[in-house]
Each structure stands twice: as C-alpha cells, then as structure tokens.
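> For the sequence shown, our numbering gives the first residue as 728, with consecutive numbering after it. Every residue, glycine too, gets a C-beta built ideally from N, C-alpha and C.
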Amino acid sequence: FFFHFSLSSTNKHKMALRMIGDKVMGIMAKQYQAVLGNQLAQYGLRYEDLLNEDEKEVKEALALADPEVQTARTRRLKRAIDLSYKRKSLQDYAPDMDLELFKKEIYVDIEKIRARDQEFAQLNAHNKQ
C-alpha cells in the first residue's frame with residue numbers, strides 16, 4: 728500500500744508540474760506571437776509566408792493551392808522585399824489594413840501531406856529490411 732501511495736503522490740507532483748509548465752509555455756507563446764505579429768505587420772506578411780518553399784511538403788501544398796492564394800503570397804513577399812529595401816513599414820502606407828497575420832491557407836494541406844507521407848513510410852517500412 729505504501730508503495731502505491733508514493734507512486735500516486737509522485738504522479739500528482741508530475742501532473743502539477745506539467746500543468747504549471749503548460750501554463751508558463753502558454754503565456755510565453757502568446758507573448759512570442761504578439762512580438763512576431765508586430766514584425767509580420769511591419770512588412771505586411773503572414774506567418775505562412777515564412778514557410779520555406781524548398782521543403783517538399785510546402786512546395787506540394789503551394790502547387791495544390793488556389794491560384795489566388797499563390798498570387799497573394801507572391802505579392803506579399805514582393806511588397807515585404809520592397810518595404811525592407813526602402814526601410815519603410817506597411818503601416819506608413821496603409822495603417823488600417825486588415826492583415827490576418829495568422830490565417831491558415833496552406834497549413835492544413837501541409838499537415839495532410841505530412842500525414843500521407845508518414846503513413847506511406849510506415850506501410851513500406853518492411854521493404855527496407
């Protein structure tokens with residue numbers, strides 16, 4: 728009984744520490760998101776615009792995306808390059824523009840592609856032996 732009680736007590740401590748850690752990480756994540764959002768807004772970018780097009784999953788998701796999504800992404804990237812070169816902020820030109828900084832247009836497709844590739848790898852794992 729004593730061993731079971733101490734094991735239960737240990738699990739309660741681990742659970743309490745995990746809850747505290749999750750709460751701290753949540754607070755830090757919100758602060759990081761706010762700072763990142765300010766930087767993205769300065770150049771008129773979205774978070775998804777920072778994804779590396781050379782990654783296989785991102786390249787495939789962009790190829791499958793609507794042409795409007797591709798065109799908008801290209802325009803945002805070109806605008807950001809231009810603003811950076813001129814050392815200006817988008818807020819100087821369009822202070823009331825709604826940017827939707829964390830809108831997800833291709834991320835869902837990226838996750839599906841990764842899941843598909845992972846499933847394919849698991850199904851074909853026996854071929855590697």
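What's the gap between the Cα of Arg843 and the Cα of Leu804?
Along the sequence shown, read from residue 1 onward, the residue named residue 843 stands at position 116. Along the sequence shown, read from residue 1 onward, the residue named residue 804 stands at position 77. Straight-line Cα distance between these residues: approximately 29 angstroms.
> Is the Cβ-Cβ distance between Arg719 and Glu775 less than 9 angstroms?
In the structure as shown, the chain starts at 728 and stops at 856, and residue 719 therefore has no counterpart that could be examined.
> Using only the alpha-carbon positions, how far apart do Lys757 and Ile747 sit?
Within the sequence shown, the letter at position 30 stands for residue 757. Within the sequence shown, the letter at position 20 stands for residue 747. In a straight line, the C-alpha of Lys757 is about 16 angstroms away from that of Ile747.
> Using DSSP with H/G/I as helix, E/B as strand and the rest coil, what is Arg814?
Counting from 1 along the sequence shown, the entry for residue 814 is found at position 87. Coil.
> Whose C-alpha, out of Val835, Arg806, His853, is nearest the C-alpha of Ala768?
As a working note, residue 768 is residue 41 in the sequence shown. For Ala768, the nearest C-alpha among the options comes from Arg806.
> Take the Cβ of Leu810 as the centre, count every other Cβ of all protein chains shown within 10 Å, and call the residue buried at 16 or more, exposed below.
The sequence position of residue 810 within the sequence shown is 83, counting from 1. Its Cβ being crowded by 16 or more others within 10 Å, Leu810 is buried.
> What number of angstroms, rounded off, separates the C-alpha of Ala788 from the C-alpha of His853?
Counted from its first residue, the sequence shown places residue 788 at position 61. Counted from its first residue, the sequence shown places residue 853 at position 126. Cα to Cα, Ala788 sits roughly 28 angstroms from His853.
> Going by CA-CA distance only, name the one from Phe829, Glu784, Ile833 that's closest to Glu795.
Sequence index remark: in the sequence shown, residue 795 carries index 68 (1-based). It is Ile833 whose Cα lies nearest to the Cα of Glu795.
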